[in-house]
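Going down the list, the sequences are from chains A and B.
Take 41 as the starting number for the first sequence in this note's numbering and just add one per residue.
Take 41 as the starting number for the second sequence in this note's numbering and just add one per residue.
The beta carbon of each residue, even a glycine, is placed where N, CA and C say it ideally should be.
Some notes on the structure that comes next.
There are 2 protein chains.
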Amino acid sequence: MISTKGRYGLRVMIDLAEHAEDGHVPLKEIADRQGISKKYLEIIVKELVSSGLISGVSGKGGGYRLMKAPSDYSIGEILEALEGPMSPVACLYSGAQPCDRADSCQTLPLWAEYDRLTHDFFFGKRLSDLVKRN
Amino acid sequence: MISTKGRYGLRVMIDLAEHAEDGHVPLKEIADRQGISKKYLEIIVKELVSSGLISGVSGKGGGYRLMKAPSDYSIGEILEALEGPMSPVACLYSGAQPCDRADSCQTLPLWAEYDRLTHDFFFGKRLSDLVKRN
DNA sequence: AAATAACCTATTTAGTCAATAGGTAAATAG
DNA sequence: CTATTTACCTATTGACTAAATAGGTTATTT
Chain A
41 MISTKGRYGL RVMIDLAEHA EDGHVPLKEI ADRQGISKKY LEIIVKELVS SGLISGVSGK
101 GGGYRLMKAP SDYSIGEILE ALEGPMSPVA CLYSGAQPCD RADSCQTLPL WAEYDRLTHD
161 FFFGKRLSDL VKRN
Chain B
41 MISTKGRYGL RVMIDLAEHA EDGHVPLKEI ADRQGISKKY LEIIVKELVS SGLISGVSGK
101 GGGYRLMKAP SDYSIGEILE ALEGPMSPVA CLYSGAQPCD RADSCQTLPL WAEYDRLTHD
161 FFFGKRLSDL VKRN
């Protein structure tokens, strides 16, 4: 299940891609266009900055902008920056402590297959695939 | 993200499939074999019964058993009985109120495609695929 | 100096997950 | 017909997370 953080964050990225020509885009504009509380977006955008996906500039004329071309972002990297690693079950998390039943677990292969499917889907899709003007 | 309810429930179904010849299987046996609290399994098994996936018989010699052959269960129907409809975002829930931005939403097609992918994966897989002795 | 806009810390509210606790009803064995 | 077994039922707890809201501080430009 994708939370609002990931969903809103993705919409911010799309918005930034569509307004890349305008230089820095103030968060207020994005919030107004997307109909999302600016205050809440601050939290989301902050994580996008600290992940190195976008950059922010303070002061008049400031705002946010992408760091690279929309086609160079995968949807997966955007979602993982906001939601953490997307694994269907805890035992597949990268840093998880190994389950002592893993060897004989009859469900683990199923979750692993679904994990691959999900990963390939989101890391195969590009931000530019969701943008009209790319 | 699949919760313990879905994961444990699936393991119960596999356990029942592997012990189908034994007639009714008491929950205590399943709990011991799977290393899961019997008390917690009661909640899960209760939902499997009310969904019509398994049946339970009280008293000595009682227990639970499958209602049909393992190959007639999809993994999807088992997980949905325990976790509810598995949609990646709220706006794709079957009974959800339609989002007023749906028409112009640039992310909705992405979620819908992922939803299809997930649905096809889990409803394509069969319980018998996870069972050794089927 | 004033305006703009990002940045920062904290708090709240509601809901869900994962489990535990203690009891009641049904069925069989002796 | 009583004891045992086993499913079934209702309630509660504690920890955690999601989804925001609030109010202030720093940086930059005009």
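Length of the line joining the Cα atoms of residue i and residue j
i                : j                : result
Asp112 (chain B) : Ala130 (chain B) : 29 Å
Val65 (chain A)  : Ser77 (chain A)  : 16 Å
Tyr132 (chain B) : Met41 (chain A)  : Looking at the sequence shown, residue 132 (chain B) is not Tyr but Leu. Straight-line Cα distance between these residues: approximately 11 Å.
Asp160 (chain A) : Gly63 (chain A)  : 32 Å
Glu120 (chain A) : Phe163 (chain A) : 10 Å
Leu67 (chain B)  : Arg105 (chain A) : 57 Å
Leu150 (chain A) : Gly99 (chain A)  : 51 Å
Ser115 (chain B) : Ile83 (chain A)  : Just to set this straight, residue 115 (chain B) is Ile in the shown sequence, not Ser. If you take the alpha carbons of Ile115 (chain B) and Ile83 (chain A), they lie about 37 Å apart.
Ser95 (chain B)  : Ala71 (chain B)  : 17 Å
Glu117 (chain B) : His59 (chain B)  : 21 Å
Asp155 (chain A) : Thr44 (chain A)  : 21 Å
Pro198 (chain A) : Lys165 (chain A) : Outside the shown range of chain A (41 to 174) lies residue 198 (chain A), about which nothing can therefore be said.
Val97 (chain B)  : Tyr80 (chain A)  : 52 Å
Glu153 (chain A) : Leu50 (chain B)  : 16 Å
Glu88 (chain B)  : Asp143 (chain A) : The residue asked about is misnamed: residue 88 (chain B) is Leu in this sequence, not Glu. Distance between the alpha carbons of Leu88 (chain B) and Asp143 (chain A) is about 27 Å.
Glu69 (chain B)  : Ser91 (chain B)  : 22 Å
Lys108 (chain B) : Asp140 (chain A) : 32 Å
Leu93 (chain B)  : Asp169 (chain B) : 17 Å
Cys175 (chain A) : Glu61 (chain B)  : No statement about residue 175 (chain A) is possible, as the shown extent of chain A runs from 41 to 174 and does not include it.
Arg73 (chain A)  : Gly75 (chain B)  : 52 Å
Buried versus exposed call for residue i [16 or more other C-beta atoms within 10 Å across all chains shown]
i                : result
Ser127 (chain A) : buried
Thr147 (chain B) : buried
Ala57 (chain B)  : buried
Thr158 (chain A) : buried
Tyr48 (chain A)  : buried
Pro138 (chain B) : exposed
Val85 (chain A)  : buried
Asp55 (chain A)  : buried
Gly101 (chain B) : exposed
Gly103 (chain B) : buried
Beta-carbon neighbours of residue i, restricted to chain A and to distances below 8 Å
i                : result
Gly133 (chain B) : Before going on, a small fix: residue 133 (chain B) reads as Tyr here, not Gly. Those within 8 Å of Tyr133 (chain B) in chain A number zero; the least Cβ separation is about 10 Å.
Lys165 (chain B) : Leu150
Arg51 (chain B)  : Gln146, Thr147
Ile42 (chain B)  : Pro128, Val129, Trp151
Ile54 (chain B)  : Gln146, Thr147
Contact list for residue i against chain A, beta-carbon separation under 7 Å
i                : result
Phe161 (chain B) : Tyr154, Leu157
Arg105 (chain B) : The contacting residues do not exist; Arg105 (chain B) stays about 19 Å from chain A at best.
Chain B residues whose Cβ lies nearer than 7 Å to that of residue i
i               : result
Arg47 (chain A) : Val129, Thr147
Interface partners of residue i on chain B, CB under 9 Å
i                : result
Leu119 (chain A) : Near Leu119 (chain A) there are no residues of chain B at all, since even the closest Cβ is about 10 Å away, more than 9 Å.
Distance between beta carbons of residue j and residue i, contact taken as under 8 Å
i               : j                : result
Gly46 (chain A) : Leu122 (chain A) : 5 Å
Val52 (chain A) : Pro110 (chain A) : The Cβ separation is near 13 Å, so there is no contact.
Under 9 Å by beta carbon: chain A residues contacting residue i
i                : result
Leu170 (chain B) : Gln146, Thr147, Pro149, Leu150
Partners in chain B for residue i, counting only beta-carbon separations shorter than 8 Å
i                : result
Ile115 (chain A) : Leu150
Proximity test, residue i beta-carbon vs the ligand SAH heavy atom, cut-off 7 Å
i               : result
Gly96 (chain B) : Only the bare structure without any ligand can be found here, which leaves the ligand SAH out of the picture.
Checklist line | In chain order, each alpha helix (DSSP H) run of at least 4 residues that lies wholly inside the segment 81-155 of chain A | finding: Whole alpha helix (DSSP H) segments, 4+ residues: 115-123.
Check: At what residue ranges does the segment 58-82 of chain A contain a whole run of the alpha helix (DSSP H), taking only runs of 4 or more?
Finding: 67-74
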